[in-house]
Amino acid sequence: GLLAFGPQHRRFFHGRRREVAELLADLRALTAARAPRLLIVSGASGTGKSSLVLAGLLPAWRRQHGPEVATQTLRPGALGRDPVAAVDAALSRLDPACGPPLLI
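In the numbering used here, the protein residues as written are 4 to 107.
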């Protein structure tokens, strides 16, 4: 299959502005409500979910909150035998002093 676009490919990623804006609005609403910022992007395999988040949402989030905003990316297959420990470790590496952290 094709590889997903990543943040470094943002200039080539086109056609999903509405979806990126919707994700940003959803995250802003969760942040403003001081609610847990859990946002699920789901869809069929190959529909561009990873590209939407990595090349669309992540660069837009960094534009709003600064390029040094704390982010960590996890992939389900890379979580190993203890996915809870992998998520905890990723969360511990996020520095909220750099802006609103984002775990993908």
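C-beta: ideal position from N, C-alpha, C; glycine also.
Checklist entry - How would you write the range of the alpha helix (DSSP H) that Pro-86 sits in, first residue to last? => result 86 to 95
Item to check | the segment 70 to 84 touching the segment 35 to 46, judged by at least three CB pairs closer than 8 Å | outcome: no
Item to check | Beta-carbon proximity list for Pro-10, same chain, < 7 Å, skipping 5 on both sides | outcome: Cβ within range, chain order: Leu-57, Ala-58, Leu-61, Pro-62.
Item to check | CA-to-CA distance, Leu-6 to Pro-99, given in whole angstroms | outcome: 30 Å
Checklist entry - Helix or strand or just coil, what does DSSP make of Thr-74? => result strand
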